[in-house]
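Undergrad:
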Amino acid sequence: MTTTLYRNGRIHSPADPFATAMLVVDDTVAWVGAEGAARTHVDAADEVVDLEDALVAPAFVDAHVHLTETGLARDGLDLTGIAGRTALLDLVAQRAKERPGEAILGFGWEEDGWPDGGAPTPGELDRASSDTPVYLARRDVHTAAVSGTLLAADRSIARADGYDDGLVRRDAHHRARQAARSAVPAGRMAELREQALRHAASLGIGAVHEIGAPHISDPADFTAVLALGATPGLPDVIGYWGATAVGEAQALGAAGAAGDLNLDGSIGSRSARLSAPYADAPGERGRAYLDLPAATEHVVACTRAGIQAGFHCIGDEAVRTAVEAIAAAAEVCGLAAVVGSRHRLEHVEMIDDLLIAELARLGVAASVQPAFDALWGGPDGLYVERLGPDRGVALNPFAAMARAGVLLAFGSDSPVTPLAGWETVRAASQHRTPSQRISARAAFSAATRGGWRAARVEDAGVLAPGMLASFAVWEVPYELVVQAPDERVAAWSTDPRAGVPGLPDLSPDAPLPRCLRTVVRGRTAYTWA
Numbered sequence: 000m001t002t003t004l005y006r007n008g009r010i011h012s013p014a015d016p017f018a019t020a021m022l023v024v025d026d027t028v029a030w031v032g033a034e035g036a037a038r039t040h041v042d043a044a045d046e047v048v049d050l051e052d053a054l055v056a057p058a059f060v061d062a063h064v065h066l067t068e069t070g071l072a073r074d075g076l077d078l079t080g081i082a083g084r085t086a087l088l089d090l091v092a093q094r095a096k097e098r099p100g101e102a103i104l105g106f107g108w109e110e111d112g113w114p115d116g117g118a119p120t121p122g123e124l125d126r127a128s129s130d131t132p133v134y135l136a137r138r139d140v141h142t143a144a145v146s147g148t149l150l151a152a153d154r155s156i157a158r159a160d161g162y163d164d165g166l167v168r169r170d171a172h173h174r175a176r177q178a179a180r181s182a183v184p185a186g187r188m189a190e191l192r193e194q195a196l197r198h199a200a201s202l203g204i205g206a207v208h209e210i211g212a213p214h215i216s217d218p219a220d221f222t223a224v225l226a227l228g229a230t231p232g233l234p235d236v237i238g239y240w241g242a243t244a245v246g247e248a249q250a251l252g253a254a255g256a257a258g259d260l261n262l263d264g265s266i267g268s269r270s271a272r273l274s275a276p277y278a279d280a281p282g283e284r285g286r287a288y289l290d291l292p293a294a295t296e297h298v299v300a301c302t303r304a305g306i307q308a309g310f311h312c313i314g315d316e317a318v319r320t321a322v323e324a325i326a327a328a329a330e331v332c333g334l335a336a337v338v339g340s341r342h343r344l345e346h347v348e349m350i351d352d353l354l355i356a357e358l359a360r361l362g363v364a365a366s367v368q369p370a371f372d373a374l375w376g377g378p379d380g381l382y383v384e385r386l387g388p389d390r391g392v393a394l395n396p397f398a399a400m401a402r403a404g405v406l407l408a409f410g411s412d413s414p415v416t417p418l419a420g421w422e423t424v425r426a427a428s429q430h431r432t433p434s435q436r437i438s439a440r441a442a443f444s445a446a447t448r449g450g451w452r453a454a455r456v457e458d459a460g461v462l463a464p465g466m467l468a469s470f471a472v473w474e475v476p477y478e479l480v481v482q483a484p485d486e487r488v489a490a491w492s493t494d495p496r497a498g499v500p501g502l503p504d505l506s507p508d509a510p511l512p513r514c515l516r517t518v519v520r521g522r523t524a525y526t527w528a
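Just so you know, numbering that gives the first Met the number 0 puts 118 at position 119 of the sequence shown, and the rest follows in order with no gaps.
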C-alpha cells in the first residue's frame, strides 16, 4: 500500500470546495480537506508533495481519439492552415529531402479559399516526393490526396468506390489509409503510438477513448492501443470498435461496438447525410452507410449482449436514423435495458429539440467535439458555407442538450483537432453561437467526469473519497473564479460564498493553465521539467 499526501494547494472537489490537501492511497482518493487536518496525515504518508498553491483537478478524459493516427500526425506533415496547393507541394518536397525514402504522411489541409486550385494530383505528388508514397488527409480525415506511388502499392484503391483522380473518399480512402500505414515500419508505429499517449498525459489527460474500426485500422492496432493503456503510469485507454460484429468487438476487449460505426461522413467533405441538399452543392445530400433496420438490429444485438452500441452521425438525417434505431431497440428490448446500456453517439452535430429530448429519454451519451464549433462554427465559418446561415449556426447545440439532461462527453477526434483539455472547455463555454454556450463548470464536467460516465464508469472523474485518483496539477497564477450560471451574462465571481469549487478564468484572452503533473490511478504519468 502506498500513501501520498498532496498539500498546500487548491483542490477542485465537491466534497470540500475550500480543500487545500488530498490523501491518495494506492489508486484511490482517501481524503480531501484543509491544511490543519492534513498535518495529521504527514507521518503516515510515504510521500508528501508540496503543491505550492497549484490547482489539483480531475484529469481530463478525451472521449474520441484515434491514437495511432494521432502519433502519425504528430510525426508527419502538419498541413493545418496551409495557404494553397503550391505551398503544400513545397512542404512535401522539403520532407522528401529531409527523410529520403520514407513514406510521407500529412494531415490537416482544407482547400476552401486556396487561390491556386484544389488538392494536388498523384503526378504532382510523385514529382514533389521523388516517387515515395504520399498520403495527405484532409482536416476531417474523410478525404485524402495520394501519390501515384501509393496507388501503385495497392492497385485496388483506384478501382474502389470514392476514387477520383487521386482524391480518395469512402472505400478508396479506407484502402489508401491502410496502404499508407503499411509503409510505416511496425516498430516506428509502436513508438509513435506511445508518444501520442504520453503527449496526452502532458496535457493533463488521464484517459482516452480509442475509436477504432475496420476502415481505420486493423484489430492488431486496436489491441496494441488497449495494451498500451494498461501500462502502469500511462493514461487509461477505453476502446470502441466500430463494426456491427458484436462478438468481434467483445473478443477485442472493446467496451462497445460503437464509435466510428459510420452512418454518414463529414460536412467538410459534403458526405454527412442531410435531409435537404448542401447550400454550396445543390442536389448533394451526402452519404448514408447504414439504413434504419440495420442500425436497429445492431442496437438490439448490443443491448442483449450487455455492451454499448453507437454510431458516427453528423448530418440531420443520419442523426435521426441513429436516434430512431435506439428508440426502436427500446421497443424490442425494453426501455430500462436500453437506458441501462448507455449507448452513445459520436458528433451528433445536426440535431433538433425533439431528437435531443429522445436522447435524454433513452439515456444516450453524446460524445461531442467543442473544437469543431471553434474551427468551423459562427456566421463566417465552414458550416454556414456548406449549409447556409439558418442550418449552419444551429450545429453542436451543447446548451440545448445540457438543458434536456443529455450526458455530454467532450473529445477532440484527434488528429482531426489536437488533443486538448482547457482549450476544449473554453470552446464549449465560448460557443460561436452564443445561445449554445454552457457554463465553464458544466463544460469542465463534460471534459472530465462526462468521459468516464459515457464509458459506464461511475467512480471516477471527481476528487472525493472513494473515487479514482486520476488527476492533474496545474499552475494557475491567479485567483480561481466561478462563472455565473445565468447563460445571458458572461460574468465571473471570486466570492467564496458561491460554495462551489473554482476554475481557471477561461474568458477568451485569459492565459490557460500549465500542466505540472498528471497522475493516473495514483501513479505519476507526467511531470513538467
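All C-beta atoms in this analysis are idealised placements derived from N, C-alpha and C, irrespective of residue type, glycine included.
Note that the structure is predicted; figures quoted are calculated from it, not measured.
Which residues does DSSP pair with residue 409 in a beta bridge?
TA: 367
Undergrad: Can you name, in chain order, every residue of its own chain whose Cβ lies under 7 Å from the Cβ of residue 13, other than the five neighbours on each side?
TA: Closer than 7 Å at Cβ, skipping near neighbours: 461, 463 and 500.
Undergrad: Given a threshold of 16 other Cβ atoms within 10 Å of its Cβ, counted over all protein chains shown, does residue 17 qualify as buried or as exposed?
TA: exposed
Undergrad: Between the segment 390-409 and the segment 353-367, do at least 3 Cβ pairs fall closer than 8 Å?
TA: Counting Cβ pairs under 8 Å, three or more are found: they touch.
Undergrad: Less than 7 Å between C-beta atoms, sequence neighbours within five positions excluded: which residues of the same chain meet that for residue 426?
TA: 369, 370, 372 and 373
Undergrad: Reducing DSSP to helix, strand and coil, say where residue 32 ends up.
TA: strand
Undergrad: Does DSSP put residue 311 in a helix, in a strand, or in coil?
TA: Three-state result, residue 311: strand.
Undergrad: Measuring straight from C-alpha to C-alpha, what distance separates residue 138 and residue 32?
TA: Rounded to whole angstroms, residue 138 to residue 32 spans 45 Å at the Cα level.
Undergrad: Please state whether DSSP places residue 49 in a helix, a strand or coil.
TA: Strand at residue 49.
Undergrad: From residue 1 to residue 466, what distance separates their C-alpha atoms?
TA: 16 Å
Undergrad: What whole-angstrom Cβ distance do residue 11 and residue 55 have, given they're in contact under 8 Å?
TA: 7 Å
Undergrad: Going by CA-CA distance only, name the one from 5, 34 and 76 that's closest to residue 46.
TA: 5
Undergrad: Tell me which residues share the same chain as residue 416 and place their Cβ nearer than 6 Å to its Cβ, disregarding the 5 neighbours each side in the sequence.
TA: 370
Undergrad: Can you grab the Cα-Cα spacing for the pair residue 182 / residue 418, in whole Å?
TA: 25 Å
Undergrad: Look up residue 95 in the DSSP assignment and say whether it is helix, strand or coil.
TA: helix
Undergrad: Go ahead and pull the three-state DSSP assignment for residue 78.
TA: coil
Undergrad: Pull the bridge partners of residue 57 from the DSSP assignment, please.
TA: Note: residue 57 sits in a beta bridge opposite 470.
Undergrad: Just the Cα atoms here: how many angstroms apart are residue 119 and residue 309?
TA: 35 Å
Undergrad: Output the residue ranges of the beta strand (DSSP E) runs that lie fully inside the segment 138-162 and measure 3 residues or longer, sorted by chain position.
TA: 142-145
Undergrad: Have a look at 114, 134, 377 and 113 and flag the residue whose alpha-carbon is nearest the alpha-carbon of residue 121.
TA: 134
Undergrad: Can you give me the C-alpha to C-alpha distance between residue 313 and residue 140, rounded to a whole angstrom?
TA: 14 Å
Undergrad: Per DSSP, which one or two residues make a beta bridge with residue 261?
TA: In DSSP, residue 261 forms a bridge with 311.
Undergrad: Could one say the Cβ of residue 14 lies closer than 8 Å to chain C's Cβ atoms, at least one of them?
TA: Looking at the structure shown, chain C is missing, and only one protein chain is on hand.
Undergrad: Tell me residue 522's beta-bridge partners as DSSP assigns them.
TA: 519
Undergrad: Please classify residue 93 as buried or exposed, where buried requires at least 16 neighbouring CB atoms within 10 angstroms.
TA: exposed
Undergrad: Under a three-way DSSP split, which group does residue 62 fall into?
TA: strand
Undergrad: So does the segment 265-283 actually touch the segment 200-209, counting three or more Cβ pairs closer than 8 Å?
TA: no
Undergrad: Closer than 6 Å by C-beta to residue 40: which residues in its own chain qualify, once you throw out the five before and the five after it? Chain order, please.
TA: Taken in chain order, the residues that qualify are 4 and 22.
Undergrad: Could you compute how far the alpha carbon of residue 456 sits from the alpha carbon of residue 258?
TA: 17 Å
Undergrad: Quick one: what's residue 136 bridged to in DSSP?
TA: 106 and 143
Undergrad: Quick check on residue 326: does DSSP put it in helix, strand or coil?
TA: helix
Undergrad: Rounded to whole angstroms, what's the CA-CA distance from residue 28 to residue 270? Just pull it up for me.
TA: 46 Å
Undergrad: How many Å lie between residue 69 and residue 192 at the Cα?
TA: Cα-Cα distance, rounded: 8 Å.
Undergrad: What do you get for residue 434, buried or exposed, if any count of 16 or more other CB atoms within 10 angstroms of its CB means buried?
TA: exposed
Undergrad: Taking 8 Å as the cut-off, decide whether the C-beta atoms of residue 58 and residue 471 are in contact.
TA: yes
Undergrad: Excluding the 5 residues flanking residue 520 on each side, which residues of the same chain have their C-beta closer than 7 Å to its C-beta?
TA: 26, 467, 468 and 469
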